[in-house]
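Here is the structure we will look at, set down as C-alpha cells.
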Ligand SMILES: *Cc1c(COP(=O)(O)O)cnc(C)c1O
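In this note's numbering, the protein residues as written are 391 to 775.
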C-alpha cells in the first residue's frame, strides 16, 4: 500500500469519485524513461491520448518529451501546452481535411500517413499552401502484439496503417507528389505489450522493410517504432516503474540503424498509468446468496477500461485494515449497463457503506475516456505534489 494515513484522511474530505495523481511518481517515471532513452540517443514522443490532463502534459513537456497526437485537437493542445512543434507528430487512420490543414499551418514535424489515399490528400492540401509536408508511412507489419484483441493494431485484419503489398504504390505516388517529403517509416502494433519478445519480432520486421526502401533508393531519416509498452496492473506497488532500460536495450540490439538515423518511440501507458488512481466511495453493499456486491459511486463513465476491454484493475479498500476478515465481492458502478463492473469476485476486507475504494493503475486511458452517459458530471482530479 503506497498511501499513508495522512493522505487517506485527506481523501476523506473530498467529494468522490475523483482521480488522484501522484505527481512524484510521474516525475520519477519520466526521469527513468528519459535517462534510459538518452543512453541510446532515442527520441520519445508522449502519446497524448493516454492522458491529456494539463498537469500531466506540463510534466511530460518539461521532462523534454515530444508529442504524439491522433487528432487535430491533440495537435493544438500539444502546441498550446508548449511542446516544441519540431517534436509533434500526427497519426490517425482518419485525419480530416481541417485537421490536416491546421497541422500544416503549424508546421508540425511529421504526419504518420495511414493509407495511399491519404498521401494524395496531404500532397494536394500542402500544395494549396505551397508547403512541403514531412511524412512517414505507417506500415502494418503483421506482427502479433500478443495483447488483448481490442488493443491489437498491427495485424492485417486491423484498420491501421498501410499493408506491405501497397508499398510499391506508395513509392509511385511519392515520386509524383512534389509537396511530400518522405522522412521515415512508422509502426505501432498495439498496446499493453508485456512480452518483450514481441518487440524483437517488430525490429526484425522493421529491418526488412527498411532494407526494402534502401534498395529502392529511399534514405530514411527516421525509424519510428511506436509505443505499446505494458505496465503491471496486478502488482502496481512491486512494479511502479516499467523497466525502460530493458525495453530500449532491445531496440539498440535488434534494430539496424544507419549513421545519422533517428529512432523514435511513442509511449503513452508506460509513462502515466501507475501515477493515477480512481478513488470512489461505497454507496451500498448488497449481500446475496450467491454473490455479494459493492456498489460504488464511480462507474464506467469515470473508468471505461473494464467495460471496454475487459481490463483488470487492482481494487483495494482504503478504509479497512488488510488483515481483517475478507469476503469476495463483485465491485460495480451505478450506471445502467451490466458491463459497468470493475471486478468480479474481488477479495476485500468486509466492507461497509462509506468506505473509500481505490482502483489502481488508472492514469492511462482513464480520465480521458470519461463520458457524460447517464448525464454524469465530469470526474474531478486531485494531485499530490
Ligand atoms: C495509442 C498510440 C500510442 C501509444 O500507445 P501506448 O500503448 O499507450 O504506449 C502510440 N502511437 C500511436 C500511433 C498510438 O495510436
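Glycine included, each C-beta is placed from N, C-alpha and C at the ideal position. From a predicted model like this one, the values you see are computed outputs, not experimental measurements.
What is the DSSP secondary structure of residue i, counted as helix, strand or coil?
i, result
"residue 718", "strand"
"residue 695", "helix"
"residue 739", "strand"
"residue 726", "coil"
"residue 523", "strand"
"residue 674", "strand"
"residue 480", "strand"
"residue 501", "strand"
"residue 549", "coil"
"residue 367", "Residue 367 cannot be examined here, being either before or after the span of the chain that is shown, 391 to 775."
"residue 732", "strand"
"residue 583", "strand"
"residue 542", "strand"
"residue 652", "strand"
"residue 645", "coil"
"residue 512", "helix"
"residue 712", "coil"
Are residue i and residue j closer than 8 Å when you measure CB to CB?
i, j, result
"residue 498", "residue 479", "yes"
"residue 575", "residue 527", "yes"
"residue 580", "residue 551", "no"
"residue 440", "residue 413", "no"
"residue 749", "residue 732", "yes"
"residue 742", "residue 675", "yes"
"residue 610", "residue 600", "yes"
"residue 443", "residue 771", "yes"
"residue 651", "residue 751", "no"
"residue 653", "residue 641", "yes"
"residue 467", "residue 438", "yes"
"residue 774", "residue 411", "yes"
"residue 524", "residue 469", "no"
"residue 592", "residue 615", "yes"
"residue 673", "residue 722", "no"
"residue 371", "residue 606", "This structure gives no information on residue 371, because the portion of the chain shown stretches from 391 to 775."
"residue 734", "residue 626", "no"
For residue i, list the residues DSSP reports as bridge partners.
i, result
"residue 436", "457, 657"
"residue 412", "774"
"residue 574", "526, 612"
"residue 596", "Note: residue 596 sits in no beta bridge, so no partner."
"residue 686", "672"
"residue 492", "In the DSSP output, where bridge partners are listed per residue, residue 492 has none listed."
"residue 707", "747"
"residue 536", "DSSP, once it has assigned bridges, lists no residue as partnering residue 536."
"residue 666", "411"
"residue 619", "583"
Straight-line CA distance for residue i to residue j?
i, j, result
"residue 667", "residue 536", "26 Å"
"residue 727", "residue 475", "42 Å"
"residue 747", "residue 555", "51 Å"
"residue 457", "residue 639", "22 Å"
"residue 565", "residue 529", "18 Å"
"residue 658", "residue 583", "12 Å"
"residue 508", "residue 521", "16 Å"
"residue 402", "residue 708", "10 Å"
"residue 549", "residue 492", "24 Å"
"residue 768", "residue 692", "8 Å"
"residue 504", "residue 490", "13 Å"
"residue 462", "residue 724", "34 Å"
"residue 447", "residue 454", "11 Å"
"residue 637", "residue 744", "42 Å"
"residue 696", "residue 472", "33 Å"
"residue 618", "residue 589", "9 Å"
"residue 405", "residue 418", "28 Å"
"residue 720", "residue 682", "6 Å"
Taking 7 Å as the line, does the beta carbon of residue i fall inside it for any heavy atom of ligand 3?
i, result
"residue 445", "In the structure on display, ligand 3 does not appear, and the ligands it does have are ligand 1."
If we cut at 8 Å on Cβ distances, does residue i have a partner in chain D?
i, result
"residue 761", "No chain D appears in the structure shown, which is made up of a single protein chain."
Problem set entry | Closer than 5 Å: residues whose CB approaches a heavy atom of ligand 1 | So the residues near ligand 1 by this Cβ test are 437, 440, 481, 578, 581, 616, 617, 618, 656, 657, 658, 659.
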